[in-house]
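In terms of our numbering, the sequence shown opens at residue 481 and continues consecutively. Here a beta-carbon is modelled for each residue, glycine too, at the ideal position from N, C-alpha and C. For reference, the structure is listed below as structure tokens.
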Amino acid sequence: MEQEKVIVIDFGGQYNQLVARRIRECNVYCEIYSYKTPIDKIKEMHPKGIILTGGPNSCYEEGAPTYSKELFELGIPVLGLCYGAQLMQHILGGKVERAEVQEYGKTPVKVDTASPLFKDVTEDTICWMSHFDYISALAKGFKSVAHTKDCPVAAAECAEKQLYGIQFHPEVLHTPEGPKMIFNFVRNICGCAGTWRMDSFVESQIAAIREKVGDGKVLLALSGGVDSSVLAALLAKAIGKQLTCVFVDHGLLRKNEGDEVEAIFGEKGSFDINFVRVNAQERYYKKLEGVTEPESKRKIIGEEFIRVFEEEAKKIGKVDFLAQGTIYPDVVESGLGGESAVIKSHHNVGGLPDYVDFKEIIEPLRNLFKDEVRKAGLELGLPEFLVYRQPFPGPGLGIRIIGDVTADKVKIVQDADYIYREEVDKAARLYKEENCKDAPWLPNQYFAALTNMRSVGVMGDERTYDYAVALRAVRTIDFMTAEAADIPFEVLQIVMNRIIKEVRGVNRVFYDLTSKPPGTIEFE
Ligand code: XMP
């Protein structure tokens, strides 16, 4: 049976991936396409609904992104958001103008609860506004179904043609009842049954992989990160021993991580696959000797990975498929699907060698968002600590050590980082037990880095001349911007005390307050 689908047409809005995630949270499968996608292609996909995203332009300006009027005549429900709502009006004969009062931020809105879009939504609710244009006259057949103090058309509908527009952003967290509105559209108005679930995804992917791979051999570079681990588990369930995972331990992993990966996927683990661990620590340290410039370190680590992987692949010989842990944001961000794509540049470890002898690449996770990958991982029986692992850069601790990298420095940063994460996790758990919710300061990413600075200290009766460790913790939604997390001071003090006491070679601990921009999340 064909998977029911909603299409998101991307007009360059910064929240386009969020729109898609919210739809998927309603158990409805969706894909993002650029507004440049021809209408015939959209029609061929037989979507049950179409959502037009926001975007930075004014629809009445020359050259602004637009779409064929035919889209609104297909008999398929369409929902426009922000720019999408304005464009719908503009194309269908309504009027969009520069607003005298531009709305930005959390705004009280009154909605017409008789509209199917606002079923079960509170009449007086809050929305997130961000616009400088407004709909000043509605196209024929439309009526306004929501308004704010300064915006007469905060939402519009033409129920007869199943066309809807929302001026605000129901997809962002600041519109608390936004998920209900999206649910109302995709499940009630479009009539999607809600069949997109991770248990059925896993089941259908296992069948699809078996069919595609047949009795062929598959090779996977396993990094121990969430995506490649979930992929390994999925392939293991589908094809068992036909899979070989090569795990390169470059000696720049977090404390115990190499052994954890081996415990799960190696001989003693629960998956029946071929697992090769390459202990390349010394080789990496040698290559990195005396290298201080961060980009050079990244390059060396990436290139060395390819070399090590190539050597292992040669030992294995010809394989039929190379599996890659590409996920949906990678697809969208590399510009294949969306418009806002090109903003973010990629920084993954140097790509994979093209000289490994294989016939085809398979990417079974390429339609999943990160939270879906995690759910699939749990379905496949992977432990929570692995599935909820923080983002970790491919070049690993190599870029969390300022200046040259040595085995001793790696040990220092591993130990300090371990203590830091242990204490933050403990404090967050206690908070949750007491308050039944996540701590408001809980960072999305937190780690220790080793500065290249040594300074004088005193321990016992002795003078020390040791390194300073930097603690980084950020709160972020998209990792493109971030602010320092306000971890309680007493937690930081515990961390500081433990690091000084337990990690040799450290006599000072700093907390990094820098937001991104101007800083980056990594400390390299
Ligand atoms: P920055 O430091 O650029 O980091 O603000 C943004 C996010 O990306 C992660 N990061 C990487 N992830 N390979 C990755 O897979 C890399 O080379 C890499 N460098 C940074 C970083 O941890 C943060 O989550």
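If you check the C-beta of I1001 against ligand 1, you find a heavy atom less than 6 Å away. A Cβ-Cβ contact shorter than 7 Å links V949 with V989. The beta carbons of V758 and E792 sit closer together than 7 Å. The DSSP-derived three-state label of F801 is strand. Annotation: P596 to P659 spans about 14 Å, alpha carbon to alpha carbon. The three-state reading of DSSP puts P557 in coil, since its state is none of H, G, I, E or B.
The three-state reading of DSSP puts R869 in coil, since its state is none of H, G, I, E or B. Considered as a whole, the segment 736-809 harbours 737-745, 761-768, 774-796 as its complete alpha helix (DSSP H) runs of no fewer than 4 residues, in chain order. Proximity to V488 across E553, G985, F665 peaks at F665, based on C-alpha coordinates.
At a cut-off of 6 Å, the beta-carbon of F959 counts as near ligand 1: some heavy atom of the ligand is closer than that.
A distance below 7 Å separates the beta carbons of V576 and D613. Annotated as distal: V682 and A907, with beta-carbon spacing of 7 Å or more.
S514 carries a strand assignment under DSSP once its states are collapsed to helix, strand and coil. Annotated three-state conformation of F959 is coil, per DSSP. Shown here for C506: same chain residues with a beta carbon closer than 6 Å to its own, the five before and five after excluded, namely F663, V666, R667 in chain order.
The Cβ-Cβ distance between S708 and G805 falls below 7 Å. Of the heavy atoms belonging to ligand 1, none sits nearer than 6 Å to the Cβ of G782. Proximity of the beta carbon of G878 to ligand 1 is not indicated: no heavy atom of the ligand is located closer than 6 Å. The Cβ atoms of K767 and I780 sit closer than 7 Å to each other.
Inclusion of A634 and A626 in the CB contact set at 7 Å is warranted, their separation being smaller than that value.
Exclusion of the five residues before and after D946 leaves R934, S935, G937, G985, V986, N987, R988 as the residues of its chain whose Cβ lies within less than 8 Å of its Cβ. Judged by their CB atoms, V799 and K697 are nearer to each other than the 7 Å cut-off. Under the three-state reduction of DSSP, H570 is assigned to helix. The bridge partners DSSP lists for R934 are Y947.
It is roughly 11 Å from the alpha-carbon of E773 to the alpha-carbon of V885. Note that the segment 555-568 touches the segment 526-541; at least 3 beta-carbon pairs, one per stretch, sit closer than 8 Å. Straight-line spacing of the CA atoms in Q647 and M609 works out to 7 Å. Per DSSP, the continuous alpha helix (DSSP H) segment holding G857 begins and ends at 850-859. The Cβ neighbour count for F751, taken over all protein chains shown within 10 Å, is at least 16; the residue is labelled buried.
Residue pairing for Y926: DSSP places it in a beta bridge opposite A953.
By the CB criterion at 7 Å, P873 and I879 fall inside the cutoff. Residue pairing for L910: DSSP places it in no beta bridge.
With respect to A500, L572 sits apart: the two C-beta atoms are not nearer than 7 Å. By the C-beta density criterion, D490 is buried, having at least 16 other C-beta atoms within 10 angstroms.
Under the criterion of beta carbons closer than 8 Å, R690 and A718 qualify as touching, at roughly 5 Å. In summary, C670 is buried, with 16 or more beta-carbon neighbours lying within 10 Å of its beta-carbon over all protein chains present.
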